[in-house]
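In UniProt numbering, the protein residues as written are 11 to 500. Following: one structure in structure tokens, then a few remarks.
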Ligand code: NAD
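Here's what the structure looks like:
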């Protein structure tokens, strides 16, 4: 109802490019170099959608200063007070759910149905940490042989956090870090991806409406190499929580290595295997493997992009899979585009290579060099890809999946683990003993057996090998955002 608020602003501007603003101290403000913008495009049409501030190190400093000023007060608030505010944030997003979902779908290209699921998950992030902090248990022990000496563990918030997120699930992944940051008494500066910044802009207005005190959460928009890098390196920042690609994670690791006290949590890329054993119900296995491959056009870090199938059922699975994908993942209808021109070109280069290496295209083809009316790529199922090919080894992060046979359980484990990443995996089998035998030997922080993308916010989320450092979720998030001291009292 307020003509000045962000959602009214966006609604009034629908159809013409939007100019976003940074959010410091609960105020929307212009960036330093106000002539300098990053252009963000609508993935469905390729048209200019938004001008994103190209923030400088000076802008980042303003955000960090605001967060640092808010920290002494916020870190001393009661858990109940923080919980109440988090609940208000959740309810305010919930009241605007459809608006968030529509803008997420426009900005990222995902279907409205998928966007609605992610907005619901964003709301759950706030509700979960709002209640988690009220029910945390602690323990006091008495030192063995010294009954008058007790010892207990105490936690305090770390300080100002840099929160940096990618473009594939913009609101959901940003709130996955903002909610615990606020809940555990830290303050922060969040930088969403410059490719999809709109729902973060809307979230800023929610913070105002929910009366989050000024400075507790600030949002800076801009490029990774400039605003992101300045944020990570800022001496005022005492922790970095990052979701994005492995090469960016490596840069952040290098940028923080000299400051040993900085908490760093990195959730990075994956090249996840799906193992299909010969005891499965084919129809059900095809359904799970296809959704793991193509949900959000394959642009989920947890997507299963390497499917290994027991040779006895390979042919049957292959033809059922191809038929299912052709019926259920129709481009422009049930599956969205990829996010940007740059990403289109990247995914296309892998498909071009597949063609040059004589892979078999069971569905899909190499898309045109120039995208035509949006960044559309037909879901592509490949077979006959060499195990050493880049297509099998690198994260493509698009609607591309490979099918390969295996003969034994041991070989399936070897193939699954033959990759530098270790984020997620799917096992499809009815054999309970095998679920454990294989599940416990896969190099993956997340193993889903006969399911995919099931989340329980209290369990550990994160990857092994190149897929990340640390875990978040429940007590793991608490460990990221708090410092632990042990106190002995005689
Ligand atoms: P990206 O690494 O290019 O960018 C992620 C964020 O980092 C963006 O906000 C970007 O601006 C910022 N950034 C870039 N360079 C930076 C630097 N030097 N310093 C600080 N910040 C910098 O990733 P993307 O292309 O946006 O997202 C796709 C990647 O994210 C994929 O690899 C995917 O697997 C990964 N991802 C991982 C998870 C997970 O939970 N493990 C979840 C979603 C996506």
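Backbone N, C-alpha and C define an ideal beta-carbon position, used for all residues, glycine too.
Do residue 220 and residue 87 count as a contact pair if the criterion is CB distance below 7 Å? Along the chain shown, one-based indexing puts residue 87 at 77. Along the chain shown, one-based indexing puts residue 220 at 210. Here residue 87 is not near residue 220, since their CB atoms are 7 Å or more apart.
Would you please state the rounded distance, in angstroms, between the beta carbons of residue 320 and residue 298? I believe it to be under 8 Å. As a position in the chain shown, residue 320 is number 310, starting the count at 1. As a position in the chain shown, residue 298 is number 288, starting the count at 1. Actually they are not in contact, since the Cβ atoms of residue 320 and residue 298 sit about 15 Å apart, beyond 8 Å.
Look at residue 34 and residue 76 and say whether their C-beta atoms are less than 7 Å apart. Position 24 of the chain shown, counted from the start, is the residue given in the question as residue 34. Position 66 of the chain shown, counted from the start, is the residue given in the question as residue 76. In this structure, residue 76 lies closer than 7 Å to residue 34 by Cβ.
Is any non-hydrogen atom of ligand 1 found closer than 6 Å to the C-beta of residue 355, if you look at the structure I gave you? What you label residue 355 is simply residue 345 of the chain shown in a count that begins at 1. No, the Cβ of residue 355 stays beyond 6 Å of every heavy atom of ligand 1.
Could you name the residues that DSSP lists as bridge partners for residue 273? Residue mapping note: residue 273 aligns to position 263 of the chain shown, counting from 1. The partner list for residue 273 (beta bridge, DSSP) reads 249.
Classify residue 479 as helix, strand or coil using the three-state DSSP reduction. The residue given as residue 479 occupies position 469 in the chain shown. Strand.
Would you call the region 157 to 172 and the region 195 to 202 touching, i.e. three or more CB-CB distances under 8 Å? Yes: the two stretches touch, three or more of their Cβ pairs being nearer than 8 Å.
Can you give the Cα-Cα distance for residue 244 and residue 390, rounded to whole angstroms? Here residue 244 is taken as the residue at index 234 of the chain shown, counted from 1. Here residue 390 is taken as the residue at index 380 of the chain shown, counted from 1. If I take the Cα positions, the gap works out to 43 Å.
Considering just the uninterrupted stretch of the beta strand (DSSP E) at residue 306, what are its terminal residues? By 1-based counting over the chain shown, the position of residue 306 is 296. Where residue 306 is concerned, there is no enclosing beta strand (DSSP E), given that its DSSP letter is neither H nor E.
According to DSSP, residues forming a beta bridge with residue 162: For the purposes of this step, residue 162 is identified with residue 152 of the chain shown, where counting begins at 1. The partner list for residue 162 (beta bridge, DSSP) reads 150, 497.
Option nearest residue 226 by Cα separation, candidates 421, 73, 58, 465: For the purposes of this step, residue 226 is taken as the residue at position 216 of the chain shown. The shortest Cα separation from residue 226 among 421, 73, 58, 465 belongs to 73.
Go ahead and pull the three-state DSSP assignment for residue 234. On the chain shown, position 224 is the one that residue 234 refers to. Note: residue 234 maps to helix in three-state DSSP.
Short of 7 Å in beta carbon distance, which residues of its chain neighbour residue 203, apart from the five on each side in sequence? Order them along the chain. Working through the chain shown from its first residue, we reach residue 203 at position 193. So the list reads 175, 176, 177, 180, once near-sequence residues are dropped.
Would you call residue 497 buried or exposed, if buried means 16 or more other Cβ atoms sit within 10 Å of its Cβ? Mapped onto the chain shown, residue 497 falls at position 487. Exposed, since its Cβ has fewer than 16 Cβ neighbours within 10 Å.
Burial state of residue 488, where buried means 16 or more other Cβ atoms lie within 10 Å: As a first step, residue 488 must be located in the chain shown, where it is residue number 478. It counts as buried.
With DSSP as the reference, please indicate the residues paired to residue 8 in a beta bridge. An answer regarding residue 8 cannot be provided, because it is not within the stretch 11 to 500 covered by the chain.
Does at least one heavy atom of ligand 1 sit under 6 Å from the Cβ of residue 277? The count along the chain shown starts at 1 and reaches residue 277 at position 267. Yes, the Cβ of residue 277 comes within 6 Å of a heavy atom of ligand 1.
So residue 184 is in the alpha helix (DSSP H); what residue range does that whole segment cover? By one-based count along the chain shown, residue 184 stands at place 174. Run containing residue 184: 180 to 193, per the alpha helix (DSSP H) assignment.
Is there at least one non-hydrogen atom of ligand 1 closer than 6 Å to the beta-carbon of residue 174? The residue labelled residue 174 in the question sits at position 164 within the chain shown. Yes; taking the cut-off as 6 Å, the Cβ of residue 174 has a heavy atom of ligand 1 nearer than that.
Indicate the three-state DSSP secondary structure (helix, strand or coil) for residue 378 in the structure shown. Taking the first residue of the chain shown as position 1, residue 378 is located at position 368. In the structure shown, residue 378 sits in coil (DSSP, three-state: anything other than H, G, I, E or B).
6 Å Cβ shell around residue 304 - same chain, five flanking residues per side excluded: The residue labelled residue 304 in the question sits at position 294 within the chain shown. Non-local beta-carbon contacts of residue 304 in its own chain, meaning distances under 6 Å to residues more than five positions away in sequence, involve 339, 389, 409 in chain order.
Between the Cα of residue 453 and the Cα atoms of 476, 443, 465, which residue gives the shortest distance? By one-based count along the chain shown, residue 453 stands at place 443. For residue 453, the nearest C-alpha among the options comes from 476.
Separation of residue 415 from residue 71, as counted between CA atoms: Taking the chain shown and counting its residues from 1, one reaches residue 71 at position 61. Taking the chain shown and counting its residues from 1, one reaches residue 415 at position 405. Taking the straight line from one Cα to the other gives about 53 Å.
Residue 140 and residue 93: beta carbons closer than 7 Å? Position 130 of the chain shown, counting from 1, holds the residue named residue 140. Position 83 of the chain shown, counting from 1, holds the residue named residue 93. Contact check for residue 140 against residue 93 passes: the beta carbons are separated by less than 7 Å.
Here's the rule: buried if 16 or more other CB atoms are within 10 angstroms of the residue's CB, otherwise exposed. What is residue 150? Here residue 150 corresponds to residue number 140 of the chain shown, with the count starting at 1. Its Cβ having fewer than 16 others within 10 Å, residue 150 is exposed.
Using only alpha-carbon positions, find the residue among 256, 188, 402 that is nearest to residue 491. Here the question's residue 491 lines up with position 481 in the chain shown. Per the C-alpha coordinates, the member of 256, 188, 402 positioned closest to residue 491 is 188.
Can you tell me where the beta strand (DSSP E) holding residue 37 begins and where it ends? Residue 37 sits at position 27 when you count from the first residue of the chain shown. Taken as a continuous stretch (DSSP letters only), the beta strand (DSSP E) holding residue 37 covers 37 to 39.
Can you determine whether any heavy atom of ligand 1 sits closer than 6 Å to the C-beta of residue 177, and answer yes or no? Within the chain shown, residue 177 is the residue found at index 167, counting from 1. For ligand 1, at least one heavy atom lies less than 6 Å from the Cβ of residue 177.
Just the C-alpha distance for residue 51 and residue 218, rounded to the nearest angstrom, thanks. Your numbering for residue 51 matches position 41 in the chain shown. Your numbering for residue 218 matches position 208 in the chain shown. When rounded, the distance between both Cα atoms is 28 Å.
Whole-angstrom C-beta distance between residue 460 and residue 438, which should lie under 8 Å: Mapped onto the chain shown, residue 438 falls at position 428. Mapped onto the chain shown, residue 460 falls at position 450. About 6 Å; that satisfies the 8 Å criterion.
So is the beta-carbon of residue 255 under 6 Å away from any non-hydrogen atom of ligand 1? Sequence index remark: in the chain shown, residue 255 carries index 245 (1-based). Yes, the Cβ of residue 255 comes within 6 Å of a heavy atom of ligand 1.
Beta-carbon separation (whole angstroms), residue 314 vs residue 282, contact threshold 8 Å: In the chain shown, residue 314 corresponds to position 304, counting from 1. In the chain shown, residue 282 corresponds to position 272, counting from 1. Their Cβ separation, rounded to whole angstroms, is 5 Å, which keeps residue 314 and residue 282 in contact under 8 Å.
Just to confirm my understanding: we take residue 401, look at its own chain, exclude 5 residues before and 5 after, and list those with CB closer than 8 Å. What are they? Counted from its first residue, the chain shown places residue 401 at position 391. Excluding residues within five positions, the ones whose Cβ falls inside 8 Å are 360, 363, 364, 367, 369, 392, 395, 410, 412.
Residue 417 classed as buried or exposed, judged by whether at least 16 other C-beta atoms fall within 10 angstroms: Your numbering for residue 417 matches position 407 in the chain shown. Under this definition residue 417 is an exposed residue.
Would you list, in sequence order, the uninterrupted alpha helix (DSSP H) runs of no fewer than 4 residues that lie entirely inside the region 197 to 222? Counting whole runs of 4 or more residues, the region 197 to 222 contains the alpha helix (DSSP H) stretches 208 to 219.
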